[in-house]
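Student: Using mature numbering (1 follows the signal peptide of the UniProt record, and there is no 0), the letters of the sequence shown correspond one by one to residues -19 to -1, 1 to 254.
Even glycine gets a Cβ: it sits at the ideal position worked out from N, Cα and C.
Keep in mind it's a predicted model, so treat the numbers as computed, not measured.
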Amino acid sequence: MKKVLSVIFTAVFAVLLVACNKDSKENTLTIGVDFYPMGDLIELIKDDLKKDGIKVEVKKMGYAAQNKLLQDKDLDANMIQHKFFMEDFNKANNAKLVKVMPIYYSNFSLYSKNYKTIAEVPNGTDIIIPSDSANITRSIYLLSQAGLLNLEGLNPLEVTLDQVKASSTINHKGLTFTIHSIVTAPTLYNEDQRNSLAIMYPTYIKASKLDLEKEILFGEELDDTSKEFGISLVAREDNRNSNKIQLLEKHLKSDKVRQFLIDNYAWASTPAF
């Protein structure tokens, strides 16, 4: 009889343990962040999520590793990328990451040491641009907005760098390009006198302990195309509609988050909600 009761007790305990673990996992939200101010935004809404029964765990790490962790369910969401960077990862990894909401639009800009106006940029000038394909596309579009490339009659999101290099119609000024990581491009631009122009994100400039605001030659103009590059909350197809992701989205869209971005991050972004 004792043996039977022991077996029953063990079975019941195991079921309760599994149920508790499942409940704990469903109510724990693990979010990947990298650059400022994403960690601060989560800190701002952490208590609001707690009141909704959601415990938040923030994992700060380099952006390059995060999508794989999200795909493998080691993260529930991340806040590191725009839609096209995510889509490139999906294609390369047979993943099903999805954009939940845009958080802000980065002030993606062309910087110059030597020129004060676009008209001064000479033919054949070399420009440092980001190395990943999504930000190459964005750089091409920015240069077309500035009038340094001609994309008339073309879909700006489909024009490749090879097309730009091969076409004197598109690349009417004969520009050349140095491809470099978005993270270390500010240091290269600052130290290498051969490169007088660079397209960069202000967040990475600040992280490199540089102040280049006076060297902005042209800032990306917000329109329907450029807004597609908003830095976003990203989750997976299988958890996009879960309670904890919906609550995270709700609180990220709050007035206090928007105001925080306006008060503390206007030098690098515009709120997207």
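(1) Could you check if PRO103 is buried or exposed, using at least 16 other CB atoms within 10 Å of its CB as the buried criterion?
(2) Three-state secondary structure (DSSP) at MET42?
(3) By alpha-carbon positions, which one of ILE226, ILE108, ILE197 ends up nearest to GLY34?
(4) So the alpha helix (DSSP H) PRO167 belongs to, where does it begin and stop?
(5) What does the alpha-carbon distance come out to for the pair LEU130 and THR157?
(6) Can you grab the Cα-Cα spacing for the pair ILE186 / SER112, in whole Å?
(7) If I measure Cβ to Cβ from MET67 and keep anything under 6 Å in the same chain, skipping five residues before and after, which residues do I get?
(8) For the segment 87 to 95 against the segment 225 to 241, are there 3 or more C-beta pairs whose distance is under 8 Å?
(9) So residue 258 packs on ILE26, CB below 8 Å; how close in whole Å?
(10) Using only the alpha-carbon positions, how far apart do TRP248 and ASN220 sit?
(11) Do TYR85 and ILE212 have their CB atoms nearer than 8 Å?
(12) From which residue to which residue does the beta strand (DSSP E) around VAL81 run?
(13) Under three-state DSSP, which class holds ILE151?
(14) Give the secondary structure of THR159 by DSSP, where H, G and I count as helix, E and B as strand, and everything else as coil.
(15) Under three-state DSSP, which class holds ILE186?
(16) Quick one: what does DSSP say PHE16 is sitting in, helix, strand or coil?
(17) What's the gap between the Cα of PRO252 and the Cα of GLU24?
(18) Over what stretch of residues does the alpha helix (DSSP H) that includes ASN8 continue unbroken?
(19) Closest to LYS32 by CA distance: which of ASP69, THR9, LEU132 is it?
(20) Around the Cβ of ARG116, are there at least 16 other Cβ atoms within 10 angstroms (buried) or fewer (exposed)?
(21) Taking PHE66 as part of the alpha helix (DSSP H), name the residues at either end of that continuous run.
Tutor: The short version:
(1) As a position in the sequence shown, residue 103 is number 122, starting the count at 1. Burial call: exposed.
(2) Sequence index remark: in the sequence shown, residue 42 carries index 61 (1-based). DSSP places MET42 outside both helix and strand once states are collapsed to three, so it counts as coil.
(3) As a working note, residue 34 is residue 53 in the sequence shown. The candidate whose alpha carbon is nearest that of GLY34 is ILE226.
(4) Along the sequence shown, one-based indexing puts residue 167 at 186. It spans 166 to 172 - the alpha helix (DSSP H) in which PRO167 sits, taken as one unbroken run.
(5) The count along the sequence shown starts at 1 and reaches residue 130 at position 149. The count along the sequence shown starts at 1 and reaches residue 157 at position 176. Roughly 12 Å between the two C-alpha positions.
(6) Against the sequence shown, residue 186 aligns to sequence position 205. Against the sequence shown, residue 112 aligns to sequence position 131. Taking the straight line from one Cα to the other gives about 16 Å.
(7) As a first step, residue 67 must be located in the sequence shown, where it is residue number 86. So the list reads LEU78, VAL215, once near-sequence residues are dropped.
(8) no
(9) Nothing about residue 258 can be reported from this structure: the residues present for the chain run from -19 to 254 only.
(10) Position 267 of the sequence shown, counted from the first residue, corresponds to residue 248. Position 239 of the sequence shown, counted from the first residue, corresponds to residue 220. When rounded, the distance between both Cα atoms is 33 Å.
(11) Residue numbering aside, residue 85 sits at position 104 when the sequence shown is read from its first letter. Residue numbering aside, residue 212 sits at position 231 when the sequence shown is read from its first letter. Between TYR85 and ILE212, the C-beta gap is smaller than 8 Å, which places the two residues in contact.
(12) One-based indexing of the sequence shown puts residue 81 at position 100. Run containing VAL81: 78 to 87, per the beta strand (DSSP E) assignment.
(13) Taking the sequence shown and counting its residues from 1, the one referred to as residue 151 is at position 170. Of the three classes helix, strand and coil, the one that applies to ILE151 here is coil, per DSSP.
(14) Along the sequence shown, one-based indexing puts residue 159 at 178. Residue state, collapsed to three classes: strand.
(15) Counting from one through the sequence shown, the residue named residue 186 turns up at place 205. Under the three-state reduction of DSSP, ILE186 is assigned to helix.
(16) Residue mapping note: residue 16 aligns to position 35 of the sequence shown, counting from 1. Judged by DSSP in its simplified three-state form, PHE16 adopts coil rather than helix or strand.
(17) Counting from one through the sequence shown, the residue named residue 252 turns up at place 271. Counting from one through the sequence shown, the residue named residue 24 turns up at place 43. A straight line joining the alpha-carbon of PRO252 with that of GLU24 spans about 18 Å.
(18) Within the sequence shown, the letter at position 27 stands for residue 8. Here ASN8 belongs to no alpha helix (DSSP H), and DSSP marks it neither H nor E.
(19) Locating residue 32 in the sequence shown gives position 51, counting from the first residue. Per the Cα distances, THR9.
(20) Numbered from 1 along the sequence shown, position 135 holds the residue referred to as residue 116. The question names Arg, but residue 116 in the sequence shown is Asn. Buried: at least 16 other Cβ atoms inside 10 Å.
(21) Translated into positions along the sequence shown, residue 66 becomes position 85. 64 to 74 is the extent of the alpha helix (DSSP H) around PHE66.
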